[in-house]
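K.L.:
Pasting a structure here, questions to come.
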Amino acid sequence: MWKLHFLFIGPKSAKFQALLILQKEIYIFKKMTDKMLASYTTMGQSFARNGNFMTPEAKKFTGFEKNPKIGILLFNLIFKRIVKKNFERIAQEWGCTEPLDRKPY
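With positions in the sequence shown counted from 1, the corresponding number in the working numbering is that position plus 1.
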């Protein structure tokens, strides 16, 4: 057991430890991508079996994307503010004197 302790001392051991960390990161990345692509893989297999996407599992896969309401609200709030500020800044740079939401009609 004590011989193993001496393996992790010195410049060569730092490279070895970095290699171990890199391999672990690659493993974690591969595991995450496999998890993300699993549903697409099953849909491909379903298409290969049935020849079309008219199965109930395919309808479930292609259904509406469900996002949490708080996430949607935050995204809309931030996005609308950023876009509005950028349009106002660009309008001022171009010499616009009227508000952008003015309705002259």
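Note that beta-carbon positions come from the ideal geometry of N, C-alpha and C, so glycine has one too.
Candidates I22, T42, L23 and I83: which alpha carbon is nearest E58's?
P.N.:
On the sequence shown, position 57 is the one that residue 58 refers to. Here the closest residue by C-alpha is T42.
K.L.:
Helix or strand or just coil, what does DSSP make of G64?
P.N.:
By one-based count along the sequence shown, residue 64 stands at place 63. G64: coil per DSSP, three-state reduction.
K.L.:
Can you give the Cα-Cα distance for K61 and P69, rounded to whole angstroms?
P.N.:
Working through the sequence shown from its first residue, we reach residue 61 at position 60. Working through the sequence shown from its first residue, we reach residue 69 at position 68. Using only the alpha carbons, I get a separation of about 18 Å.
K.L.:
Whole angstroms are fine: how far does the CA of G45 sit from the CA of D54?
P.N.:
Looking up residue 54 in the sequence shown gives position 53. Looking up residue 45 in the sequence shown gives position 44. Inspection of the sequence shows that residue 54 is occupied by Phe rather than by Asp. Those two C-alpha atoms are separated by around 9 Å.
K.L.:
Tell whether a beta-carbon distance below 8 Å holds between F88 and L78.
P.N.:
Residue 88 sits at position 87 when you count from the first residue of the sequence shown. Residue 78 sits at position 77 when you count from the first residue of the sequence shown. No, Cβ-Cβ distance for F88 and L78 is not below 8 Å.
K.L.:
Skipping 5 residues on each side, what residues in its chain have a beta carbon closer than 8 Å to that of T63?
P.N.:
Here residue 63 refers to the residue found at position 62 when the sequence shown is read from its first residue. Hits under 8 Å: F54.
K.L.:
Considering K70, what are the terminal residues of the alpha helix (DSSP H) in which it resides?
P.N.:
On the sequence shown, position 69 is the one that residue 70 refers to. Run containing K70: K70 to E94, per the alpha helix (DSSP H) assignment.
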